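J.: Attaching a single structure in structure tokens format; questions to follow.
There are 2 protein chains.
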Amino acid sequence: MENAAHFIITYRISAGSEDDAALFAEKIGTEQSVEMPLEAVPKSGKPSLPDIIEITQAEENLWDTTLSYPKTLFDGDITQLINVLFGNISMLHNIKLIDIGQEAFREHFHGPEFGIKGIRKKLNVPNRALSCTALKPIGLSPGELAENAYQFTMGGIDLIKDDHGLANQKSADFRARVSACIQAVRMGEQVSGKKTLYFPNITTSPAYVLDRFHEAVELGADGVLISPQLTGIEMLHTLSNRGHIPVMAHPAFSGSFVIHPTHGFTPQLYYGTLWRALGADAVIYPNAGGRFSFTRKTCGEINDNLRTEFLGFKSSFPTPAGGINLHSLDEELSYYGNDTIYLIGGSLYKQPDGLQSATSKFQNVLKSYE
Amino acid sequence: MENAAHFIITYRISAGSEDDAALFAEKIGTEQSVEMPLEAVPKSGKPSLPDIIEITQAEENLWDTTLSYPKTLFDGDITQLINVLFGNISMLHNIKLIDIGQEAFREHFHGPEFGIKGIRKKLNVPNRALSCTALKPIGLSPGELAENAYQFTMGGIDLIKDDHGLANQKSADFRARVSACIQAVRMGEQVSGKKTLYFPNITTSPAYVLDRFHEAVELGADGVLISPQLTGIEMLHTLSNRGHIPVMAHPAFSGSFVIHPTHGFTPQLYYGTLWRALGADAVIYPNAGGRFSFTRKTCGEINDNLRTEFLGFKSSFPTPAGGINLHSLDEELSYYGNDTIYLIGGSLYKQPDGLQSATSKFQNVLKSYE
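Here it is as structure tokens:
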């Protein structure tokens, strides 16, 4: 179905009959390639057109249609590939991308630079599940955020990320916050006797993300957090390409592409396949049972796509977030296993005995499954 | 409702009762600010919380809830403002942003650099509607694209933009394509005796958009085309801030934020208010009656938001696209008037007497309403 010059996309589309599905598939293929009436396409534009290679019925009125697109439509420009995947058809209902063939990702994508193994190596934790929390809320001073980071680190947390809303607010500007938190984490490590990684949020204007990334590296951050859908998705690839420190991806502003049953991408394709191919070393996604709406099955499939052999890419750490607390952790572990980062934010802050004690309990649960 | 330190957002949310609406509004406000349980928010985080200032019933089970947010949540970081507007709640159903107060845009946004008046001045066309077409399809060589540009220009077209999928494909790499097309347009102007503007597409990896922008300026492009949702929305602001040449915004990859009745932004808020504030001199949106699904009323409201007095910003050119042809042009003009760019792509290519003749007819219709 694929060859070196083509890649396939499978869409689940709504149509009353196979003939209608074929017409809809042709419309999609034209829209996403030549974007003009077929009868007006000149000879040198014809090779840009995709072929419909399969239409199968998935359910009543739902058809899985597979199109084979020429790679010359993007020629290595990843942002243009995103445009071919879902640019104009983002304005249409009843189209869900359920598969993208691996040929789309060969050559120009390289997957995570560190991935599960690389992050484990930095922590010297070869097997057990990892703990993660978020520094928050917006409004705290660098000193207050650093004090929280210190408590978490003394409790032995594996990974601290900034809240995804911490940018460069006057209450805690980027440089002051990151400097203070790195210092606090390094001090806390002296108490805990173990490594803790701190990932500041570098999401900002796409024109300045790289500056902030290099500032984070220079200040000694252990990784960074970015919301790719806010900065332009390819920014993830650009950061990963630098190869300096791990990149954790946050789903802010991406929900509109994944939560509608008959529109957008499946979550497993978007967070699993696409973000991993773009180089996310860890992918945060909304956990089942949390404030958002994914099912256990969907979360499991995201995890599979992040971890399974795919084009030789390193595997990415699934990072389910939302709805996890110290009591539910055993259950979460039974679903997602040890090659997972468990992100507990708000509920750790509610623990009565303080952040260090709450973190120790968190670590103890994870260690009990080692 | 607003003061210098706060801005309001009005959400239309689904809820069975006013009490449920209030609970949902509180959940939204917490999610988009402190993102932690209210009881865990420390003293210095409290000022980050929004206030619910109004809840009114819009329809059965639909409530318009207005929240007042502190501007300290973003402190001038526009990408972080987008995150506050719809970051995490993009992962939820039943929330539609229907209004954003002007205080959000004061100070850090400046609106279009050229706008309707600036583009008219470049063309020396003070009153009538403007014509626009697209160079396409992908696969044509620079010479073939330039030949089309030459034909359109000889026919007197006002504005030629690249197809939004033309990136840096081997068939027509950016520099070769833009050079050839600019030369062709300048030659065609000698025949037509009037000005034609050429806007190449500079959408690519967000890390390299500015390089491509400066290359376009250096090559003598009259403006640029960009798909902000592919590059990170704030890129629009960054380009406009440079102030060199006009920026036309394309809706690729943005549909998921606007087409769902109870999710995302209203199209008039997103394409009208937000993209204008970010500095788009012209905004392409899917026209009613075209391949996509907006109503005439929605299109009219987008136009209103692009043109009406708002914080002293220049007005932006509405650019409806899709479903417009030479026969429907009179009707379109009756709806949208002269302060509009009419974009006819595919159907011009279908005209039997060639592109120059088709363009002359296009111009003649617009002139007849001058």
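Chains as they are written, first to last, in my numbering: chain B, 21 to 390; chain G, 21 to 390.
For glycine and all other residues, C-beta sits at the position ideal for the given N, C-alpha and C.
Fair warning: this is a prediction, and the values are worked out from it, not measured in the lab.
Assuming Gly107 of chain G contacts Phe312 of chain B (C-beta within less than 8 Å), just tell me the rounded distance between them.
T.: With 8 Å as the limit, Gly107 of chain G and Phe312 of chain B do not qualify as a contact, their Cβ atoms being about 12 Å apart.
J.: Check whether the Cβ of Asn108 of chain B lies closer than 8 Å to any Cβ atom in chain G.
T.: Yes, Asn108 of chain B counts as interfacial toward chain G.
J.: Scan the segment 92-104 of chain B for residues whose Cβ lies nearer than 9 Å to a Cβ of chain G and list them as they occur along the chain.
T.: The segment 92-104 of chain B vs chain G, Cβ under 9 Å: Thr92, Leu93, Phe94, Asp95, Gly96, Asp97, Ile98, Thr99, Gln100, Ile102, Asn103, Val104.
J.: Given Leu87 of chain B, which residues of its chain have a CB within under 6 Å of its CB, disregarding the five upstream and five downstream residues?
T.: Ile29, Gly49, Pro70, Ile72.
J.: On a Cα-Cα basis, can you pick out the residue from G:Ser225, G:Ala200, G:Ala25, G:Phe330 that is closest to Glu164 of chain G?
T.: Residue G:Ala200 is the option with its Cα nearest to Glu164 of chain G.
J.: Could you check where the alpha helix (DSSP H) with Glu46 of chain B kicks off and where it finishes?
T.: 38-51 is the span of the alpha helix (DSSP H), which, as asked, contains Glu46 of chain B.
J.: So what's Lys214 of chain G in DSSP terms, helix, strand or just coil?
T.: Three-state result, Lys214 of chain G: coil.
J.: Using DSSP with H/G/I as helix, E/B as strand and the rest coil, what is Ser274 of chain B?
T.: Three-state DSSP puts Ser274 of chain B in coil, outside helix and strand.
J.: Identify which residue in B:Ala78, B:Leu259, B:Phe333 has its Cα closest to the Cα of Gly292 of chain B.
T.: Of B:Ala78, B:Leu259, B:Phe333, the residue nearest in Cα terms is B:Phe333.
J.: Please return the same chain residues whose Cβ sits closer than 7 Å to the Cβ of Phe125 of chain G, not counting the five positions on each side in sequence.
T.: So the list reads Ala297, Leu331, once near-sequence residues are dropped.
J.: Just the chain G side, please: which residues come within less than 7 Å of Gln189 of chain B by C-beta, in chain order?
T.: Correct list: Thr92, Asp95.
J.: Is the beta carbon of Ser225 of chain G closer than 8 Å to that of Thr223 of chain B?
T.: For Thr223 of chain B and Ser225 of chain G, no; Cβs fall outside 8 Å.
J.: Report the option in B:Ser151, B:Asp84, B:Arg232, B:Thr92 whose CA atom is closest to the CA atom of Lys66 of chain B.
T.: Comparing Cα-Cα distances from Lys66 of chain B to each of B:Ser151, B:Asp84, B:Arg232, B:Thr92, the minimum goes to B:Thr92.
J.: Whole angstroms is fine: what's the gap from Asp301 of chain B's alpha carbon to Gln376 of chain G's?
T.: For Asp301 of chain B and Gln376 of chain G, the distance between alpha carbons rounds to 53 Å.
J.: Once DSSP output is grouped into helix, strand and coil, what is the label at Ser348 of chain B?
T.: Ser348 of chain B falls in the coil class under three-state DSSP.
J.: For Asn261 of chain B, which option in B:Asn323, B:Leu82, B:Leu230, B:Ser64 has the closest C-alpha, if you only look at C-alpha atoms?
T.: When each option's Cα is compared against that of Asn261 of chain B, the closest is B:Leu230.
J.: Let me check understanding here. Comparing Cα to Cα, which of G:Pro62, G:Ala24, G:Leu112, G:Phe44 lies closest to Pro271 of chain B?
T.: Minimum Cα distance to Pro271 of chain B is reached at G:Leu112.
J.: Is DSSP giving Tyr355 of chain B helix, strand or coil here?
T.: Note: Tyr355 of chain B maps to helix in three-state DSSP.
J.: Residues in the segment 225-236 of chain G with C-beta within 9 Å of chain B's C-beta atoms, listed in sequence order?
T.: So the list reads Ser225, Pro226, Ala227, Tyr228, Val229, Leu230, given in the order they occur along the chain.
J.: How would you list, in chain order, the residues of chain G whose beta-carbon sits under 7 Å from the beta-carbon of Ser274 of chain B?
T.: Here the neighbours are Ser110.
J.: Taking the alpha carbon of Pro287 of chain B as the point to measure from, which residue in B:Ile322, B:Ile180, B:Gly263 has its own alpha carbon closest?
T.: Selected option, being the one with the closest Cα: B:Ile322.
J.: Among G:Ala60, G:Ile279, G:Pro220, which one has its Cα closest to the Cα of Lys116 of chain G?
T.: Checking every option, the nearest Cα to that of Lys116 of chain G belongs to G:Ile279.
J.: Show which residues of chain G have a CB atom less than 7 Å away from the CB atom of Val54 of chain B.
T.: Within chain G, the residues near Val54 of chain B are Lys156, Pro157, Ile158.
J.: Under 8 Å between the Cβ atoms of Thr379 of chain B and Gly175 of chain B?
T.: For Thr379 of chain B and Gly175 of chain B, yes; Cβs fall inside 8 Å.
J.: When the cut-off is 8 Å and only beta carbons count, does Val61 of chain B lie next to chain G?
T.: Val61 of chain B counts as touching chain G.
J.: Roughly how many angstroms lie between the CA atoms of Asp359 of chain B and Thr318 of chain B, to the nearest whole one?
T.: Rounded to the nearest angstrom, the two C-alpha atoms are 17 Å apart.
J.: Counting contacts by CB-CB distance shorter than 8 Å, is Thr223 of chain B in contact with chain G?
T.: Answer yes: the Cβ-Cβ gap between Thr223 of chain B and chain G drops below 8 Å somewhere.
J.: Ser53 of chain G and Tyr89 of chain G: beta carbons closer than 8 Å?
T.: Cβ atoms of Ser53 of chain G and Tyr89 of chain G: closer than 8 Å.
J.: Excluding the 5 residues flanking Gly121 of chain B on each side, which residues of the same chain have their C-beta closer than 6 Å to its C-beta?
T.: Answer for Gly121 of chain B: Glu22, Phe27, Ile28, listed in chain order.
J.: Pairs of beta-carbons, one from the segment 194-213 of chain B and one from the segment 127-144 of chain B, closer than 8 Å: are there three or more?
T.: No, they do not touch.
J.: Quick one: which residues of the segment 260-294 of chain B get their C-beta closer than 7 Å to a C-beta of chain G? List them in chain order.
T.: Listed by position, the residues of the segment 260-294 of chain B near chain G (Cβ gap below 7 Å) are Pro271, Ala272, Phe273, Ser274, Gly275, Ser276, Phe277, Ile279, His280, His283, Gly284.
J.: Which value, in whole angstroms, describes the spacing of the CA atoms of Thr282 of chain G and Phe134 of chain G?
T.: If you take the alpha carbons of Thr282 of chain G and Phe134 of chain G, they lie about 34 Å apart.
J.: Tell me the rounded alpha-carbon separation between Gly342 of chain B and Ser388 of chain B.
T.: For Gly342 of chain B and Ser388 of chain B, the distance between alpha carbons rounds to 22 Å.
J.: Taking Tyr369 of chain G as the query, report the chain B residues whose CB atoms sit under 8 Å from its CB, ordered along the chain.
T.: Ordered by position in chain B, the residues that pass the 8 Å Cβ test against Tyr369 of chain G are Met56, Pro57, Ala60.
J.: Which residues in chain B sit within 9 Å of Phe312 of chain G, going by Cβ to Cβ distance?
T.: The contacting residues are Asn108, Met111, Leu112.
J.: Give me the chain G residues within the contact set of Thr173 of chain B, using Cβ-Cβ distance strictly less than 8 Å, ordered along the chain.
T.: Within chain G, no residue comes near Thr173 of chain B; the closest Cβ sits about 19 Å away, beyond 8 Å.
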